[in-house]
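**Student:** One structure follows; several queries about it will come next.
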Amino acid sequence: MKKWMYGISAAAAAMVVVGCAHVQSPEAKKPAGPLKVLAVGNSFSNNATRQLPALATAAGKDLKVVRASIGGCDFERHVRHAEAYAADPESKEGRPYGGKSLQEMLKSDVWDVVTIQQVSHKSFKPETFHPHADKLIAIIRDHAPQAEIVVHQTWAYRDDHKFWGNTNFNTDVMYAGLRKTYDDFAREAGFRLIPSGDAMEAARRDAEWGPYFAGEPPMARAEKALHVNDAYHANVKGEYLQGCVWLAFLFNEKTSGNTFVPEGMTADEAAILQRIADEVVIGGGRPEPKTK
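Under the working numbering, think of the first position of the sequence shown as 224, with each following residue one higher.
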């Protein structure tokens, strides 16, 4: 395990979810009030933040999360919609987030953090990041200059995914590719990174949780799967792990001992996933890619 310091410092939906009780963000001395996060992404950012408000509430954290999400959306499409709005504010093409534009959402509050991500099936392809990610960053800086831009690292697909019929591609290859691509992107841009993909891979290898390989015959530990049947979106347990990762990252505190346990999980399972999230985010432990 390498050490990685994350630091202190279709209809589309614009969904708002709020936690309770006040604490300050560790990376900024800000006035009393919630830590405000806008997640610009797709179904993966929905997965990553769905359990987050309840976890924040249980931890006594004051957190507001808003999602500017479109299913299957990549950097290019977010930018295309924003450019359509800039050209014609009345254009439906420019208002894909529940009838709002990205520019309007960025200006709708004083965001502390704005997260960005590439669509998962392009996450390991660095050539798909630029120039669209650069344009998205410029839009965010123009309309929410006070916000810290943070990279949301997506995760690899489950072992039983068909990987588009490519027999030379698998979960290990995908993880190694997205890990390097997101690392390079975050480092070059000077952004912090939420290690969501690292946590999913850590759980996959964890002696207490994994392995949860799926295939024929059916996996022996199907109850430990973190993906739904499509083998790429997160299920309730995967979403719980993601929520713990985001909570630990945003507040720079361990999640172990958090009392929130969603329906479909046991307290013992929650404790294991909390530990994994803490080891990755707070401990800085990252699974070493098995391939280059």
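We put the beta carbon where it would ideally sit given N, CA and C, even for glycine.
Just so you know, these numbers come straight off a predicted model, no measurement behind them.
Mark residue 461 as exposed unless 16 or more other C-beta atoms lie within 10 angstroms of its C-beta, in which case mark it buried.
**Tutor:** Taking the first residue of the sequence shown as 1, we reach residue 461 at position 238. So residue 461 ends up on the buried side.
**Student:** Could you tell me the distance, in whole angstroms, from the CA atom of residue 427 to the CA atom of residue 375?
**Tutor:** As a working mapping, residue 427 is identified with position 204 in the sequence shown. As a working mapping, residue 375 is identified with position 152 in the sequence shown. One alpha carbon belongs to residue 427, the other to residue 375, and they sit about 19 angstroms apart.
**Student:** Is residue 252 helix, strand or coil when you go by DSSP?
**Tutor:** Translated into positions along the sequence shown, residue 252 becomes position 29. For residue 252, the pLDDT reaches just 48, beneath the cut-off of 50, and the residue's location in the model is therefore unreliable, although a value from the coordinates is still provided. It is coil, neither helix nor strand.
**Student:** Let's test the definition: count the other Cβ atoms within 10 Å of the Cβ of residue 424 and tell me whether it reaches 16, buried, or not, exposed.
**Tutor:** Along the sequence shown, read from residue 1 onward, the residue named residue 424 stands at position 201. Label assigned to residue 424: buried.
**Student:** Taking C-alpha atoms, which residue in 502, 362, 413, 475 lies nearest to residue 301?
**Tutor:** By one-based count along the sequence shown, residue 301 stands at place 78. Selected option, being the one with the closest Cα: 362.
**Student:** Classify residue 288 as helix, strand or coil using the three-state DSSP reduction.
**Tutor:** For the purposes of this step, residue 288 is taken as the residue at position 65 of the sequence shown. Looking at residue 288 - three-state DSSP - the assignment turns out to be strand.
**Student:** Go ahead and pull the three-state DSSP assignment for residue 396.
**Tutor:** The residue you call residue 396 lines up with position 173 of the sequence shown. Helix.
**Student:** In the DSSP assignment, find the beta strand (DSSP E) that holds residue 263 and state where it starts and stops.
**Tutor:** In the sequence shown, the residue the question calls residue 263 occupies position 40. From DSSP, the beta strand (DSSP E) with residue 263 extends over 258-264.
**Student:** Return the first residue and the last residue of the alpha helix (DSSP H) that residue 280 is part of.
**Tutor:** In the sequence shown, counting from the first residue as 1, residue 280 sits at position 57. Element bounds for residue 280: 275-281.
**Student:** Find out if the Cβ-Cβ distance for the pair residue 371, residue 336 is shorter than 8 angstroms.
**Tutor:** Start at 1 with the first residue of the sequence shown, and residue 371 comes out as number 148. Start at 1 with the first residue of the sequence shown, and residue 336 comes out as number 113. Yes.
**Student:** Assess contact between the region 293-309 and the region 262-275, defined as three or more Cβ pairs (one per stretch) separated by less than 8 angstroms. Is contact present?
**Tutor:** yes
**Student:** Using CA atoms only, rank isn't needed, just tell me which of 390, 357, 347, 391 is closest to residue 399.
**Tutor:** Position 176 of the sequence shown, counted from the first residue, corresponds to residue 399. Of 390, 357, 347, 391, the residue nearest in Cα terms is 347.
**Student:** How would you label residue 315, buried or exposed, when you count the other beta carbons within 10 angstroms and need 16 or more for buried?
**Tutor:** Locating residue 315 in the sequence shown gives position 92, counting from the first residue. So residue 315 counts as exposed.
**Student:** Counting only the same chain and skipping the five closest in sequence on each side, list residues whose C-beta sits under 7 angstroms from that of residue 467.
**Tutor:** Here residue 467 refers to the residue found at position 244 when the sequence shown is read from its first residue. So the list reads 278, 478, 496, 497, 500, once near-sequence residues are dropped.
**Student:** Is the CB-CB distance between residue 378 and residue 420 below 8 angstroms?
**Tutor:** Along the sequence shown, read from residue 1 onward, the residue named residue 378 stands at position 155. Along the sequence shown, read from residue 1 onward, the residue named residue 420 stands at position 197. Taking 8 angstroms as the Cβ cut-off, residue 378 and residue 420 qualify as a contacting pair.
**Student:** Determine the contact status of residue 455 and residue 380, defining contact as a CB-CB distance below 8 angstroms.
**Tutor:** Your numbering for residue 455 matches position 232 in the sequence shown. Your numbering for residue 380 matches position 157 in the sequence shown. Against a cut-off of 8 angstroms, the Cβ pair of residue 380 and residue 455 comes out as a contact.
**Student:** Would you mind stating whether residue 485 and residue 463 have Cβ atoms separated by less than 8 angstroms?
**Tutor:** Numbered from 1 along the sequence shown, position 262 holds the residue referred to as residue 485. Numbered from 1 along the sequence shown, position 240 holds the residue referred to as residue 463. Closer than 8 angstroms, so yes.
**Student:** Nearest CA to the CA of residue 281: which residue from 331, 482, 493?
**Tutor:** Start at 1 with the first residue of the sequence shown, and residue 281 comes out as number 58. Here the closest residue by C-alpha is 482.
**Student:** Would you mind stating whether residue 288 and residue 275 have Cβ atoms separated by less than 8 angstroms?
**Tutor:** Numbered from 1 along the sequence shown, position 65 holds the residue referred to as residue 288. Numbered from 1 along the sequence shown, position 52 holds the residue referred to as residue 275. Yes; because the gap between Cβ atoms is below 8 angstroms, this pair is in contact.
**Student:** Whole angstroms are fine: how far does the CA of residue 384 sit from the CA of residue 359?
**Tutor:** In the sequence shown, counting from the first residue as 1, residue 359 sits at position 136. In the sequence shown, counting from the first residue as 1, residue 384 sits at position 161. Spanning the two alpha carbons is a distance of roughly 30 angstroms.
**Student:** Give the DSSP bridge partners of residue 337, in chain order.
**Tutor:** Counted from its first residue, the sequence shown places residue 337 at position 114. Note: residue 337 sits in a beta bridge opposite 261, 372.
**Student:** Does the beta-carbon distance from residue 516 to residue 373 come in below 8 angstroms?
**Tutor:** Past the edges of the chain, shown from 224 to 515, lies residue 516, and the structure says nothing about it.
**Student:** My understanding is that residue 487 touches residue 459, with C-beta atoms under 8 angstroms, so please give their C-beta distance in whole angstroms.
**Tutor:** Your numbering for residue 487 matches position 264 in the sequence shown. Your numbering for residue 459 matches position 236 in the sequence shown. The Cβ separation is near 5 angstroms, so the contact holds.
**Student:** So what's residue 303 in DSSP terms, helix, strand or just coil?
**Tutor:** Stepping through the sequence shown from its first residue, residue 303 is reached at position 80. Helix.
**Student:** Just the Cα atoms here: how many angstroms apart are residue 235 and residue 298?
**Tutor:** Counting from one through the sequence shown, the residue named residue 235 turns up at place 12. Counting from one through the sequence shown, the residue named residue 298 turns up at place 75. Per-residue confidence for residue 235 stands at a pLDDT of 41, beneath the threshold of 50, marking its modelled position as unreliable; no derived number is given.
**Student:** Residue 473: which of 412, 416, 390 sits nearest, CA to CA?
**Tutor:** Mapped onto the sequence shown, residue 473 falls at position 250. Of 412, 416, 390, the residue nearest in Cα terms is 416.
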